[in-house]
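Let me begin by presenting the structure, written as structure tokens, before commenting on it.
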Amino acid sequence: MIGVGVGLLGYVAYWIVGLLQVAKAAADAGQRAVAGPMLVWVMAIVPAAMVLIIVGIVMRTKSRSA
123 MIGVGVGLLG
133 YVAYWIVGLL
143 QVAKAAADAG
153 QRAVAGPMLV
163 WVMAIVPAAM
173 VLIIVGIVMR
183 TKSRSA
């Protein structure tokens, strides 16, 4: 259970760093029009990836205890 929490925290931290890098790159280039669609993609992909990761963790835990 602790490992799952640490894994999720690491994933969220990685995601936030990625978002900041995208925002910084967009600001540096002065292309705010590009940042909008990119953020929409990130916001769509991240929850899906989170769900897949959680499902994978649950499945692995279940197969271990079986």
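Sequential numbering from 123 applies to the sequence shown in this note's numbering.
Quick reminder that beta carbons are idealized off the backbone N, C-alpha and C, glycines included.
Residue i: CB within 6 Å of a non-hydrogen atom of the ligand FAD
i              : result
isoleucine 176 : No copy of the ligand FAD appears in this structure; indeed no ligand is present at all.
C-alpha distance - residue i paired with residue j, whole-angstrom precision
i           : j              : result
leucine 174 : isoleucine 167 : 11 Å
serine 185  : alanine 149    : 46 Å
valine 144  : methionine 181 : 32 Å
leucine 130 : alanine 147    : 26 Å
glycine 159 : glycine 125    : The question names glycine, but residue 159 is proline in the sequence shown. Near 34 Å, if we compare the C-alpha coordinates of glycine 125 and proline 159.
glycine 178 : tyrosine 136   : 18 Å
alanine 170 : isoleucine 138 : 16 Å
Residue of the options minimising C-alpha distance to residue i
i           : options                           : result
leucine 161 : Gly140, Met172, Ile176 and Ile179 : Gly140
alanine 164 : Val134, Val128, Gly127 and Gly129 : In the sequence on display, residue 164 carries valine and not alanine. Checked all of Val134, Val128, Gly127 and Gly129; the closest Cα to valine 164 is Val134.
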